[in-house]
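Shown next, in structure tokens, is the structure this report addresses.
2 protein chains.
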Amino acid sequence: MARERKFSTDELYHATKQILLQHGYERFNFGLLAEQLDISRGAIYKYFDNREELITSYMQYEMKFFLKELQAIENYQTFNEKLTFLLDAIFKNSTIPQMITIGRRIPTSGNSKVKESIVQLENLHIDMYKLLQSFIDQGRKEAKLKESIPDSLILGMIFQSIMIPNHFGIPPIEWIQSIKEVICHGILNND
Amino acid sequence: MARERKFSTDELYHATKQILLQHGYERFNFGLLAEQLDISRGAIYKYFDNREELITSYMQYEMKFFLKELQAIENYQTFNEKLTFLLDAIFKNSTIPQMITIGRRIPTSGNSKVKESIVQLENLHIDMYKLLQSFIDQGRKEAKLKESIPDSLILGMIFQSIMIPNHFGIPPIEWIQSIKEVICHGILNND
DNA sequence: AACAAAAGTAACACTTATGTCACTTTAGAG
DNA sequence: CTCTAAAGTGACATAAGTGTTACTTTTGTT
Numbered sequence: 001m002a003r004e005r006k007f008s009t010d011e012l013y014h015a016t017k018q019i020l021l022q023h024g025y026e027r028f029n030f031g032l033l034a035e036q037l038d039i040s041r042g043a044i045y046k047y048f049d050n051r052e053e054l055i056t057s058y059m060q061y062e063m064k065f066f067l068k069e070l071q072a073i074e075n076y077q078t079f080n081e082k083l084t085f086l087l088d089a090i091f092k093n094s095t096i097p098q099m100i101t102i103g104r105r106i107p108t109s110g111n112s113k114v115k116e117s118i119v120q121l122e123n124l125h126i127d128m129y130k131l132l133q134s135f136i137d138q139g140r141k142e143a144k145l146k147e148s149i150p151d152s153l154i155l156g157m158i159f160q161s162i163m164i165p166n167h168f169g170i171p172p173i174e175w176i177q178s179i180k181e182v183i184c185h186g187i188l189n190n191d
Numbered sequence: 001m002a003r004e005r006k007f008s009t010d011e012l013y014h015a016t017k018q019i020l021l022q023h024g025y026e027r028f029n030f031g032l033l034a035e036q037l038d039i040s041r042g043a044i045y046k047y048f049d050n051r052e053e054l055i056t057s058y059m060q061y062e063m064k065f066f067l068k069e070l071q072a073i074e075n076y077q078t079f080n081e082k083l084t085f086l087l088d089a090i091f092k093n094s095t096i097p098q099m100i101t102i103g104r105r106i107p108t109s110g111n112s113k114v115k116e117s118i119v120q121l122e123n124l125h126i127d128m129y130k131l132l133q134s135f136i137d138q139g140r141k142e143a144k145l146k147e148s149i150p151d152s153l154i155l156g157m158i159f160q161s162i163m164i165p166n167h168f169g170i171p172p173i174e175w176i177q178s179i180k181e182v183i184c185h186g187i188l189n190n191d
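Chains A and B are the protein sequences, given in the same order. So that you can map any letter, position 36 of the first sequence is 36 in full-length UniProt numbering, and since no number is skipped, the others follow by simple counting. So that you can map any letter, position 28 of the second sequence is 28 in full-length UniProt numbering, and since no number is skipped, the others follow by simple counting.
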């Protein structure tokens with residue numbers, strides 16, 4: 001009953017991601033996106049009213065995907081196994097922390113549709129936090145984690161460490177292994 | 001021999017910083033800056049040809065100030081004292097890591113004046129790196145630092161940890177103390 | 001007082017992005 | 001084959017930022 005679409009939502013989200021990573025949030029615009037997808041700018045407005053709505057929708061999509069992957073943390077029993085899994089998962093999705101930082105820059109617009117979308121995105125963040133909170137709780141229960149370190153710092157360390165620029169191109173396996181070591185036991189020798 | 005200036009370069013840099021922190025690099029514009037300083041937009045062009053030139057100049061200014069403060073690291077003898085000093089210094093200037101990240105987003109423009117300014121800024125980064133390198137070298141010499149952890153990760157950890165958002169408003173003294181603990185000895189108990 | 005020179009202004013032309021709308025294209029239902 | 005509705009287009013008015021320039025204001029010097 002209708003004409004065939006020239007681009008799927010997945011393709012649109014993929015292009016959105018590329019542009020966000022290359023140009024950053026503020027320089028993202030529908031012209032760039034249309035060009036990337038080889039369609040007219042107007043076509044995008046058939047699906048999204050504006051930039052904020054598109055980007056928050058995309059972030060929800062990305063976040064849901066990541067959350068689904070994170071769920072698998074429950075397949076692991078011990079705290080140590082879970083920690084290793086978590087770091088690997090974040091590394092595999094290393095754009096996620098970047099996206100979260102970009103997400104923080106979206107202005108809480110007057111548009112109510114966008115507001116709604118931001119609320120939903122925040123809910124996904126909370127879901128993620130809950131998932132990770134139970135991981136932390138386990139670490140506390142098993143007395144693996146130092147009591148003095150706040151939960152938010154533990155999670156912050158894990159998420160933020162992924163964004164440390166690897167200027168000297170250390171091989172990823174080495175790099176992530178070192179990050180794991182620092183997060184678990186610090187940079188100092190203990191003798 | 002000339003009319004009195006309505007704004008000093010320091011005031012201009014201060015306003016620049018505020019706007020960069022509030023609105024981010026991409027939304028920084030001369031209109032906003034002029035409004036903040038209660039002058040006309042055109043006046044700024046008497047001193048800076050464009051946004052990139054102003055921002056790179058400002059970053060040089062900020063970086064020089066920070067470097068000067070960092071020099072004091074040489075007043076401390078032991079590696080541990082130096083580490084404490086370094087973390088405190090970065091915390092006191094917690095906008096510096098943010099500014100460095102913003103700096104990375106400045107497009108390597110065609111304008112040769114801007115290129116020159118970016119080169120100078122990079123040189124300041126190198127100066128900072130050298131200063132910190134000798135600190136790392138001392139840690140290695142004293143066998144304080146784990147051999148397996150790359151230099152760039154140690155510095156990256158220190159710089160990046162400052163940018164972990166303190167969502168739950170943990171008191172700064174506690175927060176920084178915890179960061180120190182994690183960087184030095186990790187999040188895990190060692191028993 | 002007349003001037004030179006720097007500081008500041010305001011208007012202009014230009015560029016880039018936005019959101020809308022009347023229009024065309026296309027594929028399936030009847 | 002024809003009609004319909006969704007998909008897509010291109011032009012338009014609007015908005016915001018850029019960089020330039022002719023102009024005015026101010027101040028110290030002669």
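Idealized CB from N, CA, C, for every residue including glycine. Computed from a prediction, not measured in an experiment: that's the story for all the values here.
Check                                                                                                                                                                         : Outcome
DSSP beta-bridge partners for LEU188 (chain A)?                                                                                                                               : B:LEU145
At which residues does the alpha helix (DSSP H) containing GLY42 (chain B) begin and terminate?                                                                               : 41-44
Check whether chain B comes within 9 angstroms of ALA89 (chain A), counting only Cβ atoms and requiring the distance to be less than that.                                    : no
Could you tell me which of A:TYR25, A:LEU20 and A:ASP38 sits nearest to SER8 (chain A), measuring between CA atoms?                                                           : A:ASP38
Go ahead and label LEU54 (chain A) buried or exposed: buried means 16 or more other beta carbons lie within 10 angstroms of its beta carbon, across all protein chains shown. : buried
What residue does the alpha helix (DSSP H) around GLY110 (chain A) start on, and which one ends it?                                                                           : That residue, GLY110 (chain A), is in no alpha helix (DSSP H); it is neither H nor E in DSSP.
Helix, strand or coil: which one does DSSP assign to ARG5 (chain A)?                                                                                                          : coil
Which residues in chain B have a C-beta closer than 9 angstroms to the C-beta of GLN138 (chain A)? List them in chain order.                                                  : Residues of chain B passing the Cβ test: none, with the nearest at roughly 13 angstroms.
Within the 9 angstroms Cβ cut-off, does GLU174 (chain B) reach chain A?                                                                                                       : yes
What does the alpha-carbon distance come out to for the pair GLY169 (chain A) and LEU121 (chain B)?                                                                           : 22 angstroms
Going by C-alpha to C-alpha distance, which of A:SER148, A:ILE102 and A:GLN177 sits closest to ARG27 (chain A)?                                                               : A:ILE102
Can you pull the chain B residues whose beta carbon is under 8 angstroms from the beta carbon of ARG105 (chain A), in chain order?                                            : GLY24
Determine, using beta carbons only, whether ARG27 (chain A) comes closer than 9 angstroms to chain B.                                                                         : yes
If you count every other CB in all the chains shown that lies within 10 Å of the CB of ILE118 (chain A), and 16 or more means buried, which is it?                            : buried
Do you know offhand how far ASN93 (chain B)'s Cα is from ARG5 (chain A)'s?                                                                                                    : 52 angstroms
Can you tell me the Cα-Cα spacing of LEU33 (chain A) and PHE48 (chain A), whole angstroms?                                                                                    : 12 angstroms
In three-state terms, what does DSSP make of MET157 (chain B)?                                                                                                                : helix
Helix, strand or coil for ILE170 (chain A) per DSSP?                                                                                                                          : coil
So that I know if they touch, is there some Cβ in chain B lying closer than 9 angstroms to that of residue 204 (chain A)?                                                     : One cannot answer for residue 204 (chain A) here, as it falls past the ends of chain A, which runs 1 to 191.
Can you tell me whether SER94 (chain A) is helix, strand or coil according to DSSP?                                                                                           : coil
Considering Cα atoms alone, identify which of A:HIS23, A:GLN36 and A:SER178 is closest to ARG104 (chain B).                                                                   : A:HIS23
Does any residue of chain B have a CB that is nearer than 9 angstroms to the CB of PHE168 (chain A)?                                                                          : yes
With 16 other CB atoms within 10 Å as the buried threshold, where does PHE65 (chain A) fall?                                                                                  : exposed
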